[in-house]
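> Below is a structure I'd like to ask you about.
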Amino acid sequence: MPSHWAGVFTGLFGQNVWYKIIKSQLNGNEYDEIEIFPSDVTPSRNIHELARRKERQSIKELEQKVSERTEELTSLVQELSFPIIPVLKGILVTPLIGKFNEDRLSDLMQRALFELSRNKAQYLLIDLTGISSVDDYTIFGIQKLIKAVRLLGGDCFVVGVSKELAITITLSGIDMNDFLSFSSLQQGVEYALEQHGYELMLKGTKL
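The structure is reproduced here in C-alpha cells:
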C-alpha cells in the first residue's frame, strides 16, 4: 500500500514522506506508478484529515436526507390539513384544520380551485368543524377563496360554524354578509342539493 511505503521511507530517511498516485491498475492502467516525496503530511495527520473529510461528507449526506424528508413531510401535512373531498356530484368539501399563514392559505386556494375545475363541481363547502378559533387573517383568506370560486362560476359557503366562531367572525370587522354559512355540514350539503333540484329522501320520507 502506498501509505505503508510512505511510512517505511519516513523511518528510513528520518523525514516525513508522503505519496501521490500517478497511475493505477484500478483505473485501467497497465501498472501502478506512485511518486514518493518529502512532505509535512504525516500518516497520523493524513488519517485525521481523511476522517474529517469523511465526517463532513457524512454530515452533508445527512443534511440532504433531512431536507428531502422535510419536504415529504411538509407535502403530507398540506394534503392532510386541507383535503378536497367530493361528497356528492357537483359538491366538494374542504375541512380546515389548525391555523393558517400566507403559505397555507395560498396552497389551499390553489388546490381548491384546481379540484373545483377538475371535478367540474358547482359548490365548495368550507368546513370549520375542526377549528376552535380563527384569526382575522384566516377569515380574510376564506373570504378571498369564496370570491375566487365565484369567479370560476361556482359557489362557496362555510359550514360547521359554532357559536364561538360566529361571534369571532362577527367581531372581526370583515364584511362577510355576502356569503352563506351553516352550523353543520349536513345543512350545507342539503342546501347545495336543493340548488341542484334534488332532495334527500330516507325510505320514502322527505328529510
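Residue numbers for the sequence shown follow the UniProt record's numbering, so the first one is 1 and each next one is one higher. All C-beta atoms in this analysis are idealised placements derived from N, C-alpha and C, irrespective of residue type, glycine included.
Measuring straight from C-alpha to C-alpha, what distance separates LEU207 and LEU88?
A caution first: LEU207 carries a pLDDT of 49, below 50, which makes its placement in the model unreliable, though a value can still be read off. If I take the Cα positions, the gap works out to 17 Å.
> Take LYS23 and list the residues in its own chain whose beta-carbon comes closer than 7 Å to its own, dropping the five residues that flank it on each side.
For LYS23, where only same-chain residues beyond five positions count, the Cβ hits under 7 Å are ASN29, TYR31, ASP32, GLU33.
> Check whether the Cβ atoms of LEU128 and VAL159 sit closer than 9 Å, and answer yes or no.
A contact, by the Cβ cut-off of 9 Å.
> Would you please state the rounded distance, in angstroms, between the beta carbons of PHE182 and TYR191? I believe it to be under 8 Å.
Right, their Cβ atoms sit about 7 Å apart.
> Between the Cα of ILE139 and those of LEU151, ARG111, THR168, LEU113, spot the shortest distance and give me the residue it belongs to.
Minimum Cα distance to ILE139 is reached at THR168.
> Is the region 89-107 touching the region 115-132, taking contact as three or more C-beta pairs under 8 Å?
Contact between the region 89-107 and the region 115-132 is present, because at least three Cβ pairs lie under 8 Å.
> Give the straight-line distance between the Cα atoms of GLU63 and ASP155, rounded to the nearest whole angstrom.
The straight-line gap from Cα to Cα measures roughly 45 Å.
> In or out: TYR198 buried (at least 16 other Cβ within 10 Å) or exposed?
Exposed is the call here.
> Alpha carbon to alpha carbon, how far is ILE142 from LEU125?
ILE142 and LEU125: Cα-Cα distance of roughly 11 Å.
> In three-state DSSP terms, what is PHE100?
It is coil, neither helix nor strand.
> If we call anything under 9 Å between Cβ atoms a contact, is PHE157 one with GLY130?
Cβ distance not < 9 Å, so PHE157 and GLY130 don't count as in contact.
> Is LEU128 helix, strand or coil by DSSP?
Three-state DSSP puts LEU128 in coil, outside helix and strand.
> Just the C-alpha distance for SER184 and GLU71, rounded to the nearest angstrom, thanks.
Their backbone Cα atoms lie some 34 Å apart in a straight line.
> Leaving aside the five residues before and after ASP103 along the sequence, list all residues of the same chain whose C-beta is less than 6 Å from its C-beta, in chain order.
Cβ neighbours of ASP103 beyond the five flanking positions: none.
> Short of 8 Å in beta carbon distance, which residues of its chain neighbour GLN25, apart from the five on each side in sequence? Order them along the chain.
Here the set comprises TYR31, ASP32.
> Taking only three categories from DSSP, how would you classify SER152?
First, the residue type needs correcting, since residue 152 is Leu and not Ser in the sequence shown. Three-state result, LEU152: coil.
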